[in-house]
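First the structure, in the form of structure tokens, and then the observations on it.
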Amino acid sequence: EKLNVGIVGATGMVGRNFLRIMEERNFPVKNLYLFASSKSNGKKIVFKKEEYKVEELTENSFDKPIDLLLFSAGGNISKKFAPIAKKKGITVVDNSSAWRMDREVPLVVPEVNPQDIEWHNGIIANPNCSTIQSVVPLKPLHEAFKIKRVIFSTYQAVSGSGVAGMEDLDNGLKYLDPKNYPHPIAFNCLPHIDEFTDNGYTKEEIKMIEETKKILNDQNIRITSTTVRVPVYFGHCVSANIEFENNFELENVYDILRNYKGIVVFDDIQKNNYPMPINVKGKDEVYVGRIRRDFSVKNGINIWIVADNTRKGAATNTIQIAELLINKNKI
Ligand code: 2RA
Numbered sequence: 002e003k004l005n006v007g008i009v010g011a012t013g014m015v016g017r018n019f020l021r022i023m024e025e026r027n028f029p030v031k032n033l034y035l036f037a038s039s040k041s042n043g044k045k046i047v048f049k050k051e052e053y054k055v056e057e058l059t060e061n062s063f064d065k066p067i068d069l070l071l072f073s074a075g076g077n078i079s080k081k082f083a084p085i086a087k088k089k090g091i092t093v094v095d096n097s098s099a100w101r102m103d104r105e106v107p108l109v110v111p112e113v114n115p116q117d118i119e120w121h122n123g124i125i126a127n128p129n130c131s132t133i134q135s136v137v138p139l140k141p142l143h144e145a146f147k148i149k150r151v152i153f154s155t156y157q158a159v160s161g162s163g164v165a166g167m168e169d170l171d172n173g174l175k176y177l178d179p180k181n182y183p184h185p186i187a188f189n190c191l192p193h194i195d196e197f198t199d200n201g202y203t204k205e206e207i208k209m210i211e212e213t214k215k216i217l218n219d220q221n222i223r224i225t226s227t228t229v230r231v232p233v234y235f236g237h238c239v240s241a242n243i244e245f246e247n248n249f250e251l252e253n254v255y256d257i258l259r260n261y262k263g264i265v266v267f268d269d270i271q272k273n274n275y276p277m278p279i280n281v282k283g284k285d286e287v288y289v290g291r292i293r294r295d296f297s298v299k300n301g302i303n304i305w306i307v308a309d310n311t312r313k314g315a316a317t318n319t320i321q322i323a324e325l326l327i328n329k330n331k332i
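Rendered as structure tokens:
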């Protein structure tokens, strides 16, 4: 039956995509509640031809019949308000990084580890965008050939950093976000996404490493990553160098990826066909190409993975988790 759904961060890029994708997928919404910061209070947003007013998020916001809350309002808001919702028996799907590595919280990509939904305790975390698109092709290859090590190099669109990044790309060599990024993004590449930590890695790089192991449920996979912001509006690209325990035929790799849910293999170098951000905007599939053996090791391949970071990388995956919760009667 239909659900009472709330969106926290309703006016942000991902929040608006939640609504767009719920409309597209005819998600069963009975009542809809929109929450955002005080500056958005009173704003009107249309959903399924009805107008809804945005309310300021407060501790009492959830004192109404809500079944499901979708969060995309940053880690601090999730840390503070997800437990309030959980206490009221509301199921939360959180797009921020706040809860992803919490042992009580499943981190889910429906094509990869749907079974983890079974043990949620009220909060389910949506993985980081570049992680989501990477684990989709990694999962069937791990099952077939057992992954030993992965080297991720990412090329991430500015929409991943929110509206500020987009505006700065609009305005040329302005600063992406002086608070966090000390350099302009236009005509530039920044090997700096999220904050640096004391081991020289950024939080984004650590997300890719740790989230991938949690989602694939295998702490033995050795992973490293370099995540880079590039002057592109939509569409994250990931180069994955993968070393397997077992040997493989390249044709097998193509077959496995071609037949896996949620993947489009777009790979014909004779025709200059390979995935690019301009191919994936507005789409929910993960595009894979440039599939080729890594001749520098015994059992290695390189693959190139592209997806719309605001959809499959964020909002669509969240809605797919919500659909899974309904199908498994876990809301
Ligand atoms: C980024 N993955 O691209 C991070 C958060 N969306 O900025």
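If you count the sequence shown from 1, you need to add 1 to reach UniProt numbering.
Don't be surprised by glycine CBs; every beta carbon is placed ideally from N, CA and C.
None of these values were measured; they are calculated from a predicted model.
1. Considering only their Cβ atoms, is the gap separating S160 from M23 smaller than 8 Å?
2. Could you spell out where the beta strand (DSSP E) holding F153 opens and where it closes?
3. Which residue marks the beginning of the beta strand (DSSP E) containing Y53, and which one marks its end?
4. By DSSP, does T203 sit in helix, in strand, or in coil?
5. Helix or strand or just coil, what does DSSP make of C190?
6. When you compare only the Cα positions, how much space is there between I292 and T213?
7. Between residue 1 and the rest of its own chain, which residues show a CB-CB distance below 6 Å, the 5 nearest in sequence each way excluded?
8. Who are the near neighbours of K89 in its chain, counting only those whose CB is closer than 7 Å to its CB and skipping five residues on each side?
9. If you compare alpha carbons, which of K87, I67 and K40 is closest to N32?
10. Quick one: Cα of D285 to Cα of P128, how far?
11. So, helix, strand or coil for E286, using DSSP?
12. I'd like to confirm something about S240: is its beta-carbon nearer than 7 Å to some heavy atom of ligand 1, or not?
13. Nearest to L20 by alpha carbon, out of A158, S73 and G43?
14. I'd like the span of the alpha helix (DSSP H) that includes R259, first residue to last.
15. Distance check for N310 and K329, CA to CA, integer angstroms please.
16. Is it the case that the CB of E205 approaches a heavy atom of ligand 1 more closely than 7 Å?
17. Roughly how many whole angstroms lie between the Cα atoms of C238 and S135?
18. Determine which residues share a DSSP beta bridge with A126 and list them.
Based on what the coordinates show:
1. no
2. I148 to Q157
3. E51 to E57
4. strand
5. coil
6. 20 Å
7. Outside the shown range of the chain, which is 2 to 332, sits residue 1, and nothing can be said about it.
8. F63
9. I67
10. 15 Å
11. coil
12. no
13. S73
14. L251 to R259
15. 26 Å
16. yes
17. 9 Å
18. D95 and L108
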